[in-house]
Amino acid sequence: MTEERTVAQWMAATSIEDKERITNILAQYVDQGALAPQTILRDLQQYISEDASLTDVAKVHLLVEYFCNRLHNTDEVLSYRAGIKEVLTSLSALANMDNKFLKSDSTTIVKAMFAIANRNTLREQKAATRLVLFQLLHMLFKKHKSTLLSDIGRNEYVRGLVSIAEFEKDPSCLNILFQMYVDLGPDLSHESAKSIWESYIRYFPLKMGGTARDESKPSIEQLKLLLLQCFVSSDLYAEWTFPRLIEQLDVDQDLTANVKMDVLETMATCASTYSPQVMQQWSVKVYDALKFEVMNGTNEDFIQGALNVFRNMTKTAQKLLQDWNNEDDIFVRYVVDITRQCVQRLHEPEHRFIRPCSRILAAIASTSPIAFNIVIKSTVPVLLVIWQDLDSTKDRKQFLDIFNLLLLARLEVGEALDKNRDGLDPAKYIAEKAAMTNSLAAYQERLIEIYFGVIAQETSTDLEDTQFRVETIKGFTLLVRIPNFLTGYAKNTVFDVLTATALDVKLDLKIHDESISALGAISIEDPDAFRDIVLLNFMHKLPDAVSPEKNTQEEEIKAHIKTLEGITRIACVSACKAEFSEGAPVNAITNYKYRLFDEFQKSLLNKLTDGVLTHKGQIQYAKVLLAAVFRGLEMFDQAINRDEEKGDNLADIDPQTGAYTWIVQLLYRLIVKQKPHSGDPLAEKGDWYMGLLELPIRDDETYDDFFIHMVGRIATLALRSRRTTPHNNFLLNYDETHLDQPSQVWALFSPETTKSSLNISQQNLLYGPAEKCTANILSMSLVAGLRREDKSRLRINIGDVAVSMLRNAISTTSKASVPARIAILEFMQLLVNKFAATKENITGDERKLLQIMKDEVENCQSKPNEEVNNVYQTLAYFTAAALARYDQATPELVQLMLNELTSTTRGRRVAQSFRILLAPSPTMNEQNYCIIRPLRIGRLFELVVPKIISTWKENNVKDVKVNCSIALAAVLSYMPVSLLTPHATEIMPLILEGTNVPNDDPTKISSIEILMKLISEVPNIIEEHLDSLINRMTARTQNTNASDSSGACRAKALDCLTLLPNHLRSELLLQRRGRLYNKLNVALGDSSREVRYKAGVCKMKWFALDEKTPE
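Numbering (UniProt numbering), first residue to last: 1 to 1111.
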């Protein structure tokens, strides 16, 4: 009979005799050591549940007594010391039988558990057993709290709980213990509170907890939060908490930054949670202890921590406020005392404590309108008197800083008051607002006089004067932002002054940057002033034309770039905060957040279309303006994203029209024109195409590739923006509502009536002309901005267009410029990666895209070299797109590339094209909703690296070996070192050869970078090739052939040599040091400053080898 069956038979027995017989058998097994008591308990647990056979209250009570007797173990029965976890688990099951469990039994169980701690039995138990005990204890306390505290007594219960926790260190157990301490916090006696405090203070500051990898235990952050709740669960703890925390800050030994921050954060929480009566007893002592952290501190985190304590103490103290006009009021006296201490320090001759005192004053003032009122009345009169006697710029700057901090406090208090207005009694709101406003209004004229007086002074290049002006500009910003503090005229004067400062090119860069930031901060609250003053002046600074003479034009454009950067930051870094005062304008599309952005973009585009492009020789200047349009759109879109992430969402006025639609359509219509084909096979069909519109001056000037590319980037950015939704997508919506017209992918929003044949003819670029290929950049850009789920709405045949782009890329007669040709390849990549073009059918062709590519490769034998080169370049781009999503075509495409490494004619070009496979793409990326799978890197390694190494080993032709080194360096340069190290022995010879490839700096640099990764990871393998590595690196540092050894390559080789002493054995390097020095001496005379510097660093590193301690 098995043990389990014995227990089961006992439960099944119906007569007392049978039960006794089975019990005797069990006892014999236990005595003989054949059966452990905990095993019996484990087997009994299945019968202890709500729906089990033990349904009688009396039986449950008897079981509770039995298990508790085992825990008490008054007779010191040896076997009772085992199976405690099983006993506790059984008791948990019994205690959860709500309808059959007696409340009084909870007391029995708790006393039994306390008995374990008294006998030190608990200390012997594993953490898992103790966790069960704490879980049971916590459950009983939650369910039967009143019974337990009544039967046992609160003080006795606390003593028992504290005894259980005496040696506890397990995070899971502490998680429950801290919760129980928090639950017990209210209504404790002084004695019990002291016991609990002494128990949990042992864990402060907390240093234990689960890790990110071990989620089974509470994290240290969770435990810290619970421990913090222990501190604030009872006012009684303040008596011991504050002295302990103050003592920890005063200890002789330096605290770690984390511990000190824990102390300060705990103080701040206590200050905000303890009752005002308790804090009244401790606030002065805490302030006196912490003020030196601010007065003498150098660590900004500690200073902010102390200031936060002051803020919380002030907020708590205000709850005692009775009459803020009464100087004897507890709260008023508290604020006045701190303020007077700070003001006294301001009179000290050296003014050492101006900055810390001003920060304390601002921290107190920022807590409430009443505190602000008291601080202002106590400080500003004194500050104004002192200001009159200040002579040095340094001192005036420091006192201006005080004014700035107090103005900032006024702004923060006002915003907080208005935000909480609904929760305040109307009369209290009015009174507090008046207290806050009137306190500063009394000094309004004098403060304005100070700031305007400073800004009116002449500017010098002195550093202190620069800092003084920066502080003045900050103050101007605050003066404008405080509601109703300045008159309308004064506000406009500030806008005028700051705009003039921002446009003054002679001023220091810090003053310029602060002016731009200030204008941005105040413009978003006053868009009318931005439009009428800031934008108007900035636009006037930008002429309609620059000098046509090249050198002069370059200098003028540099100055205008700075102006454009400034106005872009002002208008686009943040969304407007001012709503339309008289409702949205007629025909408005966007909400008020776009007010600055829209005005800026309209002015910029008007300047571009009606000014710059109407003058000859201005295309470079026009590109700068267009780049500002793009940068502004990018910055503003990010600003709206940030607002939305904070929950600040605001719907557009017209949800059917995209916020940026007008910008894209205006630019597209500015540059495209429908034209008839001529002199090519498409002309015979009478086909038309979308080309480029001549510049308005019509003087043989055209838009160049950069201009077209930038317009395309603007379109992509607009389409992929979160502002563009399925409801307002200007491309898809237009196509769906104009089915009688060709897709706008091809028609490009031309204002003309477009030919329906554009759907076919526009994607055929085999014969050009060049401007048609350039216009294709705009088509590609539209597709780049679409989401993958837009495929069904896109009115182009994915498979057909992919084949067209593949053939266009291969064509040698398209006359496409390099940017236009890249756009063709990227168009194909988008269709393959984003829309799975390899799975699409091709109109009029039974083959799929992959087969067409394979056929083009196979037919290379009969093609001219230029077309062959185009075929393999297209293959690389195709493979990169398929690899990124790991399309099923990937292995075959990769193999097509590998096959050509053995070619002595085109193998090198194909090997170099392996760089494309993993290189980041400006178009095929996740921002444009492409599929970029992380696992593609490992998959490519498996497909490529073993085969390249095999080809290199099996082939003795020098050119083939070089091809293998180039290809291997190309793919490994984008792979993590963890993939490389297991194969370091195999790849080392190829990578070393890669550092010698003639006329190929990218391969040499990539190979050196790979070696640098391996040096730190597998130094033992590097040591096997040490002589070869040093010889090759020193060869790279020699500037004997400038065309084959760029400065970047020479510098990288020196970086590699500098790394060797950090990871390789000194004795090996010392043997080679003398030989290396001779080579480094040559590098020390290099024409490149960077190379000379790195050669010196390398020499010093090798010189210090004698002192190196082996790692």
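Cβ atoms here follow ideal geometry from the backbone N, Cα and C, with glycine treated the same way. Treat the numbers as computed from the prediction; the structure is a model and nothing was measured.
Are there 16 or more other CB atoms within 10 angstroms of the CB of Glu-599, so buried, or fewer, so exposed? What you label residue 599 is simply residue 599 of the sequence shown in a count that begins at 1. It counts as buried.
Does the beta-carbon distance from Ile-714 to Asp-652 come in below 8 Å? As a working note, residue 714 is residue 714 in the sequence shown. As a working note, residue 652 is residue 652 in the sequence shown. No.
Is Val-375 near Val-335, with beta carbons less than 8 Å apart? Here residue 375 refers to the residue found at position 375 of the sequence shown. Here residue 335 refers to the residue found at position 335 of the sequence shown. Note that the C-beta distance between Val-375 and Val-335 is below 8 Å.
Residues that Asp-845 bridges to, as DSSP identifies them: As a working note, residue 845 is residue 845 in the sequence shown. Under DSSP, Asp-845 takes part in a beta bridge, and its partners are Ile-842.
One or two residues paired with Met-690 in a DSSP bridge: If you number the sequence shown from 1, residue 690 lands on position 690. Gln-674.
Could you give the C-beta distance for Val-286 and Met-261, rounded to a whole number, given that I count them as a contact under 8 Å? Against the sequence shown, residue 286 aligns to sequence position 286. Against the sequence shown, residue 261 aligns to sequence position 261. Rounded, the Cβ-Cβ distance is 16 Å, inconsistent with contact.
Mark Arg-410 as exposed unless 16 or more other C-beta atoms lie within 10 angstroms of its C-beta, in which case mark it buried. Working through the sequence shown from its first residue, we reach residue 410 at position 410. Burial check for Arg-410: the Cβ neighbour count within 10 Å reaches 16 or more, so the residue is buried.
Pro-681 classed as buried or exposed, judged by whether at least 16 other C-beta atoms fall within 10 angstroms: On the sequence shown, position 681 is the one that residue 681 refers to. Exposed: under 16 other Cβ atoms inside 10 Å.
Given a cut-off of 8 Å, decide if Leu-898 and Lys-854 are closer than it, judged by their beta-carbon atoms. Stepping through the sequence shown from its first residue, residue 854 is reached at position 854. Stepping through the sequence shown from its first residue, residue 898 is reached at position 898. Cβ distance not < 8 Å, so Lys-854 and Leu-898 don't count as in contact.
Pick out the complete beta strand (DSSP E) segments inside the segment 369 to 449, 3 residues or longer, and give them in chain order. Annotation note: the segment 369 to 449 contains no uninterrupted beta strand (DSSP E) run of length 3 or greater.
Could you give the DSSP three-state label for Ser-219: helix, strand or coil? Within the sequence shown, residue 219 is the residue found at index 219, counting from 1. DSSP places Ser-219 in strand when its eight states are reduced to three.
Determine the direct distance from the alpha carbon of Val-380 to that of Phe-399, and round the result to whole angstroms. Locating residue 399 in the sequence shown gives position 399, counting from the first residue. Locating residue 380 in the sequence shown gives position 380, counting from the first residue. Near 11 Å, if we compare the C-alpha coordinates of Val-380 and Phe-399.
DSSP three-state label for Ser-814, please. Within the sequence shown, numbered from 1, the residue matching residue 814 stands at position 814. If DSSP states are grouped into helix, strand and coil, Ser-814 belongs with coil.
Measuring only the C-alpha atoms, how far is Pro-171 from Leu-227? One-based indexing of the sequence shown puts residue 171 at position 171. One-based indexing of the sequence shown puts residue 227 at position 227. Their backbone Cα atoms lie some 12 Å apart in a straight line.
Between the Cα of Arg-340 and the Cα atoms of Asn-325, Trp-324, Ile-364, which residue gives the shortest distance? Taking the first residue of the sequence shown as position 1, residue 340 is located at position 340. Nearest of Asn-325, Trp-324, Ile-364 to Arg-340, Cα basis: Ile-364.
Is the Cβ-Cβ distance between Ala-802 and Leu-765 less than 8 Å? Translated into the one-based positions of the sequence shown, residue 802 becomes position 802. Translated into the one-based positions of the sequence shown, residue 765 becomes position 765. No, Cβ-Cβ distance for Ala-802 and Leu-765 is not below 8 Å.
Assign Ala-575 to buried or exposed, taking buried as 16 or more other Cβ atoms, counted over all protein chains shown, within 10 Å of its Cβ. Stepping through the sequence shown from its first residue, residue 575 is reached at position 575. So Ala-575 counts as buried.
Taking a contact to mean a Cβ-Cβ separation below 8 Å, would you say Val-971 touches Phe-878 in this structure? Taking the sequence shown and counting its residues from 1, one reaches residue 971 at position 971. Taking the sequence shown and counting its residues from 1, one reaches residue 878 at position 878. No, Cβ-Cβ distance for Val-971 and Phe-878 is not below 8 Å.
Quick check on Tyr-872: does DSSP put it in helix, strand or coil? Within the sequence shown, residue 872 is the residue found at index 872, counting from 1. Note: Tyr-872 maps to helix in three-state DSSP.
Are the Cβ atoms of Ile-640 and Glu-701 separated by less than 8 Å? The residue labelled residue 640 in the question sits at position 640 within the sequence shown. The residue labelled residue 701 in the question sits at position 701 within the sequence shown. It is not a contact, given that the beta carbons lie outside the stated cut-off.
Say whether the segment 485 to 493 touches the segment 459 to 470, bearing in mind that this needs 3 or more beta-carbon pairs closer than 8 Å, one atom from each stretch. no
Reference Ala-115, options Asp-98, Thr-147, Asp-389, Arg-159, closest by Cα: Looking up residue 115 in the sequence shown gives position 115. Closest by alpha carbon: Arg-159.
Applying the criterion that 16 or more other CB atoms from any shown protein chain within 10 Å of the CB defines a buried residue, is Met-436 buried or exposed? Numbered from its first residue, the sequence shown carries residue 436 at position 436. Burial call: buried.
Start-to-end residues for the alpha helix (DSSP H) that takes in Asn-899: Along the sequence shown, one-based indexing puts residue 899 at 899. Per DSSP, Asn-899 belongs to the alpha helix (DSSP H) from 890 to 899.
Relative to the C-alpha of Thr-657, which residue among Val-624, Asn-728, Val-259, Pro-769 is closest? By 1-based counting over the sequence shown, the position of residue 657 is 657. Minimum Cα distance to Thr-657 is reached at Asn-728.
Own chain residues within Cβ distance below 6 Å of Thr-724, not counting five before or after: Taking the first residue of the sequence shown as 1, we reach residue 724 at position 724. If we look at Thr-724 and ignore the five residues flanking it on each side, its Cβ neighbours are Gly-658.
For Leu-1105 and Asn-299, what's the separation of their Cα atoms in angstroms? Translated into positions along the sequence shown, residue 1105 becomes position 1105. Translated into positions along the sequence shown, residue 299 becomes position 299. Distance between the alpha carbons of Leu-1105 and Asn-299: 37 Å.
Three-state secondary structure assigned by DSSP to Arg-669: Looking up residue 669 in the sequence shown gives position 669. Note: Arg-669 maps to helix in three-state DSSP.
Locate the alpha helix (DSSP H) running through residue 1130, then write down its first and last residues. Examination of residue 1130 is not possible in this model, given that the chain is present from 1 through 1111 alone.
Give the straight-line distance between the Cα atoms of Tyr-203 and Asn-73, rounded to the nearest whole angstrom. For the purposes of this step, residue 203 is identified with residue 203 of the sequence shown, where counting begins at 1. For the purposes of this step, residue 73 is identified with residue 73 of the sequence shown, where counting begins at 1. So the alpha carbons of these two residues sit roughly 32 Å apart.
Measure from the alpha carbon of Lys-143 to the alpha carbon of each residue in Ser-1087, Leu-122, Asp-105, then state which is nearest. In the sequence shown, residue 143 corresponds to position 143, counting from 1. For the residues Ser-1087, Leu-122, Asp-105, the minimum Cα distance to Lys-143 belongs to Asp-105.
Compare the Cα-Cα distances from Ser-366 to each of Val-343, Asn-404, Asn-870 and report the closest residue. Mapped onto the sequence shown, residue 366 falls at position 366. Among Val-343, Asn-404, Asn-870, the Cα nearest to that of Ser-366 is on Asn-404.
For Ala-578, which option in Cys-342, Arg-1089, Pro-527, Trp-952 has the closest C-alpha, if you only look at C-alpha atoms? The count along the sequence shown starts at 1 and reaches residue 578 at position 578. If we check each option's Cα against that of Ala-578, Pro-527 comes out closest.
Which residues mark the beginning and the end of the alpha helix (DSSP H) in which Ser-515 is found? Here the question's residue 515 lines up with position 515 in the sequence shown. From DSSP, the alpha helix (DSSP H) with Ser-515 extends over 509 to 523.
Going by the CB atoms, is the gap between Val-624 and His-560 shorter than 8 Å? The count along the sequence shown starts at 1 and reaches residue 560 at position 560. The count along the sequence shown starts at 1 and reaches residue 624 at position 624. With contacts defined as CB atoms closer than 8 Å, His-560 and Val-624 qualify as a contacting pair.
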